[in-house]
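**Q** Taken in order, these protein sequences are the chains called A and B. Take any residue in the first sequence, note its place counting from 1, add 3, and you have its number in the working numbering. Take any residue in the second sequence, note its place counting from 1, add 25, and you have its number in the working numbering. C-beta: ideal position from N, C-alpha, C; glycine also. Quick one: the structure is below, questions incoming.
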Amino acid sequence: MTAERAIVFDNVSKFYGEVLGINRVTLSLPPGVTGLVGPNGSGKTTLLNLMTGLIRPSRGQVSVLGMSPNDPEAFGQRVGYCTQVDAFPNGATARSFLQGWLRLSGLDRAEADRAAAEALERVGMSEAGDRKLAGYSKGMRQRIRLALALSHRPEVLVLDEPLNGLDPMARAESLALFQGLGREGLHVVVSSHILHEVDRICDHVVLLSHGYVVAEGQIHGVRGEVTEHPMQIFVRCDEAHRLAAGLLSETHVVEVKLHPDGKGLLVRTRDASAFHRLLNRVVLEAGLDLEALAPADDDVGAVYQYLIGSDTEAV
Amino acid sequence: MTSDAAVRADPGLWPLRRRQAWQTIRMELLRNFSAWSSLRLLFLAFAPAFIIAAHAMKDRRCTLPEETVILGGIIQLYYVRFGVFFGCLAIFVRLVRGELAERTLHYLFLAPVRREVLVVSKFLAGALTTVTVFGAGILASFALMYVHFDAGHDFVLHGPGLAHLRAYLLVAALACLGYGAVFLAMSLLFKNPTVPAVVVLFWEVINGVLPVWLKRLSVTYYLKPLFPVELPIQGILGLFTVVAEPTPPWLAVTGLLVFTALVLAFACWRVRRLEVLYSSD
Numbered sequence: 004m005t006a007e008r009a010i011v012f013d014n015v016s017k018f019y020g021e022v023l024g025i026n027r028v029t030l031s032l033p034p035g036v037t038g039l040v041g042p043n044g045s046g047k048t049t050l051l052n053l054m055t056g057l058i059r060p061s062r063g064q065v066s067v068l069g070m071s072p073n074d075p076e077a078f079g080q081r082v083g084y085c086t087q088v089d090a091f092p093n094g095a096t097a098r099s100f101l102q103g104w105l106r107l108s109g110l111d112r113a114e115a116d117r118a119a120a121e122a123l124e125r126v127g128m129s130e131a132g133d134r135k136l137a138g139y140s141k142g143m144r145q146r147i148r149l150a151l152a153l154s155h156r157p158e159v160l161v162l163d164e165p166l167n168g169l170d171p172m173a174r175a176e177s178l179a180l181f182q183g184l185g186r187e188g189l190h191v192v193v194s195s196h197i198l199h200e201v202d203r204i205c206d207h208v209v210l211l212s213h214g215y216v217v218a219e220g221q222i223h224g225v226r227g228e229v230t231e232h233p234m235q236i237f238v239r240c241d242e243a244h245r246l247a248a249g250l251l252s253e254t255h256v257v258e259v260k261l262h263p264d265g266k267g268l269l270v271r272t273r274d275a276s277a278f279h280r281l282l283n284r285v286v287l288e289a290g291l292d293l294e295a296l297a298p299a300d301d302d303v304g305a306v307y308q309y310l311i312g313s314d315t316e317a318v
Numbered sequence: 026m027t028s029d030a031a032v033r034a035d036p037g038l039w040p041l042r043r044r045q046a047w048q049t050i051r052m053e054l055l056r057n058f059s060a061w062s063s064l065r066l067l068f069l070a071f072a073p074a075f076i077i078a079a080h081a082m083k084d085r086r087c088t089l090p091e092e093t094v095i096l097g098g099i100i101q102l103y104y105v106r107f108g109v110f111f112g113c114l115a116i117f118v119r120l121v122r123g124e125l126a127e128r129t130l131h132y133l134f135l136a137p138v139r140r141e142v143l144v145v146s147k148f149l150a151g152a153l154t155t156v157t158v159f160g161a162g163i164l165a166s167f168a169l170m171y172v173h174f175d176a177g178h179d180f181v182l183h184g185p186g187l188a189h190l191r192a193y194l195l196v197a198a199l200a201c202l203g204y205g206a207v208f209l210a211m212s213l214l215f216k217n218p219t220v221p222a223v224v225v226l227f228w229e230v231i232n233g234v235l236p237v238w239l240k241r242l243s244v245t246y247y248l249k250p251l252f253p254v255e256l257p258i259q260g261i262l263g264l265f266t267v268v269a270e271p272t273p274p275w276l277a278v279t280g281l282l283v284f285t286a287l288v289l290a291f292a293c294w295r296v297r298r299l300e301v302l303y304s305s306d
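Structural data, given as structure tokens:
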């Protein structure tokens, strides 16, 4: 992946006085949806603020699609950032706020009006667009921040906890929107502590803890590298006890749990590929009828738990 | 979805920057005049006019020299040293530091606009606000001072009255620019600019007793030679109003404009390094 097509962190550190924000982060994020996952204080917002030029690295360099955040004229045209900061200019309506920002970006009045209307439509706020922002609920304000980040049709969309405060319907719509933008080839970087939602939409994850990148990559690849926690695989077949006996013959299978209904197994193995070969052999030799086979911990939640540990906010 | 950067007609760099600057000025003027704090500014600018009007209604025994010295004193001692100083403090400190306090600065910094364009535009908006308000205040004071007696009419219509008015307006405008640039730069250096503002006030007050090379680092040094009326203040207080080593007016104006430009250039340099860290503000 060339730097012109990626978001690149090259050995980046950020310190706030003596407090560590992030340390020695080296990343290259490809197009698609990237999930940024980590507990509070792990450095997610610092990473996003560095990515968008709101703060500067103490060491190292950040580039987005080959651009430096120090060049706002080019950078701001191609990057949109939906922050967590819940504040707006006094007295503004959603529409006037978006129009003002778009005109500041260089659009003329007609273009700004059209782009603001389009952005409001996109986040389902057209009808409430002429009301004062001060009277909005938290979820509505969140949608306006999202509308602002989308309004100039950026190529890189950075979203800091974008689902906070949204009702279930709006969450589902937002997730579909992010996923759609990712499929169109945009870079969508989402920080979230709602792991199952990150898992649903992300092609790529970055796990952060205490300012360090703990793991990065496609979720399946990251899970495969967590070797100290054997992979869990769920198997359903007609004679689970016979299958269990066959599977336990090899050393990489460290545990087999029989489901109470006698038709399912939860297998823990240190080598998923070897397990799949073994499973094929046992099923064929014993003449078993295999109904289903699925990884049980090949998701962000499990990886998070293994690498970072449980966190009350991670759900 | 394609980037608007690609599909938007490119208006050219400088026309684009002009458009962005104008939008920033527009937003800032709206903010300056719609906020409650604008009432304070109006009060500072028009308080002398009210007092002059009150006197004009009751006291009919006016003499031209006396009125001229009183107005000169009001401009020199009230407007420049107090009204414009604190008015500019309120307006110019708020331009960037106020946005940080209200947690809205990131919206501006995320827009595709050079930060220097933002700072210069905000400065111009602040200057427009303060020059307009204090200019109007001085104009009102001037009119009320001379409008109610015949010698006053003659002074304005047939004498040097209008030249005095031009000089007062020039002084007020330059004071707004000079103090404005200083306070804007200060707001980019300090989280709480109140203490440095007190230091600046003290520096301006003691300017009269400083050696010349230090005097040049103050706004009042450049303004003093522009006053059309010398105040008859004797003794130690004279140090604060009398120009010991007068600078030619053209040099005073140029000096203050250069001083303003230098401070503004520093503010531009500083804003490029400014980080948006609301938690520490």
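Under 8 Å, do A/Val-306 and A/Leu-210 count as touching if we go by C-beta distance?
**A** Against a cut-off of 8 Å, the Cβ pair of A/Leu-210 and A/Val-306 comes out as a contact.
**Q** Identify which residue in A/Val-216, A/Asp-300, A/Glu-294 has its Cα closest to the Cα of A/His-199.
**A** Of A/Val-216, A/Asp-300, A/Glu-294, the residue nearest in Cα terms is A/Asp-300.
**Q** Which residues, taken in chain order from the stretch 40-56 of chain B, show a beta carbon closer than 8 Å to some beta carbon of chain A?
**A** Answer in chain order: Leu-41, Arg-44, Gln-45, Gln-48, Thr-49, Met-52, Arg-56.
**Q** Name, please, each residue of chain A whose Cβ falls closer than 7 Å to the Cβ of B/Thr-154.
**A** Per Cβ cutoff of 7 Å: no residues; B/Thr-154 is ~17 Å from chain A at best.
**Q** Answer with yes or no whether the minimum CB distance from B/Pro-137 to chain A is below 8 Å.
**A** Yes, its Cβ sits closer than 8 Å to a Cβ of chain A.
**Q** To which residues of the same chain is A/Glu-164 closer than 8 Å at the C-beta, ignoring the five residues directly before and after it?
**A** Counting only Cβ-Cβ distances below 8 Å, and skipping sequence neighbours, we find Gln-87, Ser-194, Ser-195, His-196.
**Q** Within the same chain, show all residues whose beta-carbon is closer than 7 Å to that of B/His-131, passing over the 5 residues directly before and after it, in chain order.
**A** The residues are Val-301.
**Q** Less than 8 Å between the beta carbons of B/Thr-155 and B/Ile-116, yes or no?
**A** Taking 8 Å as the Cβ cut-off, B/Thr-155 and B/Ile-116 qualify as a contacting pair.
**Q** My understanding is that A/Ala-173 touches A/Ala-150, with C-beta atoms under 8 Å, so please give their C-beta distance in whole angstroms.
**A** The Cβ separation is near 12 Å, so there is no contact.
**Q** So, with DSSP's three-state summary, where would you put B/Gln-45?
**A** Helix at B/Gln-45.
**Q** Closer than 7 Å by C-beta to B/Leu-194: which residues in its own chain qualify, once you throw out the five before and the five after it? Chain order, please.
**A** Gly-160, Ile-163.
**Q** At a CB-CB cut-off below 7 Å, which residues of chain A make contact with B/Glu-127?
**A** Residues of chain A passing the Cβ test: Ala-90.
**Q** Along chain B, which residues have their Cβ under 7 Å away from the Cβ of A/Arg-106?
**A** Going along chain B in sequence order, the residues near A/Arg-106 (Cβ under 7 Å) are Gln-48.
**Q** Using DSSP with H/G/I as helix, E/B as strand and the rest coil, what is B/Phe-180?
**A** If DSSP states are grouped into helix, strand and coil, B/Phe-180 belongs with the helices.
**Q** If you measure from the beta carbon of B/Thr-27 to each beta carbon in chain A, is any gap under 8 Å?
**A** Per-residue confidence for B/Thr-27 stands at a pLDDT of 44, beneath the threshold of 50, marking its modelled position as unreliable; the derived number appears in the next sentence. For B/Thr-27, the answer is yes, since a Cβ of chain A falls inside 8 Å of its Cβ.
**Q** Less than 8 Å separating the beta-carbons of A/Leu-291 and A/Arg-245?
**A** Yes, the Cβ-Cβ distance between A/Leu-291 and A/Arg-245 is below 8 Å.
**Q** Assess contact between the stretch 71-89 of chain B and the stretch 112-128 of chain B, defined as three or more Cβ pairs (one per stretch) separated by less than 8 Å. Is contact present?
**A** Taking 8 Å as the limit for Cβ pairs, the verdict is that the stretch 112-128 of chain B does not touch the stretch 71-89 of chain B.
**Q** Measure the C-alpha to C-alpha separation of B/Leu-202 and B/Gly-151 and round it to an integer number of angstroms.
**A** The alpha-carbon atoms of B/Leu-202 and B/Gly-151 are separated by roughly 9 Å.
**Q** Quick check on the DSSP output: what are the complete beta strand (DSSP E) runs of length 3 or more inside the stretch 159-200 of chain A, in order along the chain?
**A** Complete beta strand (DSSP E) runs here, min 3: 159-163, 190-194.
**Q** At 4 residues or longer, what runs of the alpha helix (DSSP H) sit wholly inside the stretch 90-162 of chain A?
**A** Within the stretch 90-162 of chain A, the complete alpha helix (DSSP H) runs of at least 4 residues are 97-107, 112-125, 141-154.
**Q** For A/Ile-311 and A/Ile-204, I'd like the C-alpha separation in whole angstroms.
**A** For A/Ile-311 and A/Ile-204, the distance between alpha carbons rounds to 21 Å.
**Q** Which residues of chain A have a Cβ atom closer than 8 Å to the Cβ of B/Ser-62, listed in chain order?
**A** Per Cβ cutoff of 8 Å: no residues; B/Ser-62 is ~11 Å from chain A at best.
**Q** Should A/Arg-106 go down as buried or exposed, given a rule of 16 or more other Cβ atoms within 10 Å for buried?
**A** Under this definition A/Arg-106 is a buried residue.
**Q** How many whole angstroms separate the CB atoms of A/Val-216 and A/Leu-57, which I take to be in contact at a CB cut-off of 8 Å?
**A** About 20 Å separates the two Cβ atoms, so there is no contact after all.
**Q** Can you look up A/Asp-13 in the DSSP assignment and give me helix, strand or coil?
**A** The answer is strand: DSSP assigns A/Asp-13 an E or B state.
**Q** Going by Cα to Cα distance, which pick from A/Ala-137, A/Val-11, A/Tyr-19 is closest to A/Gly-94?
**A** That would be A/Ala-137, whose Cα lies nearest to the Cα of A/Gly-94.
**Q** Taking Cβ-Cβ distances below 9 Å as the criterion, which residues of the stretch 285-305 of chain B are in contact with chain A?
**A** Result list: Arg-297, Arg-298, Glu-300, Val-301, Leu-302, Tyr-303, Ser-304, Ser-305.
**Q** Thinking just about the alpha-carbon of each residue, which of B/Leu-187, B/Pro-257, B/Ala-198, B/Asn-232 is nearest to the one in B/Thr-285?
**A** Nearest of B/Leu-187, B/Pro-257, B/Ala-198, B/Asn-232 to B/Thr-285, Cα basis: B/Ala-198.
**Q** State the start and end residues of the unbroken beta strand (DSSP E) segment that holds B/His-189.
**A** Not the beta strand (DSSP E): B/His-189 falls in the alpha helix (DSSP H), residues 186-214.
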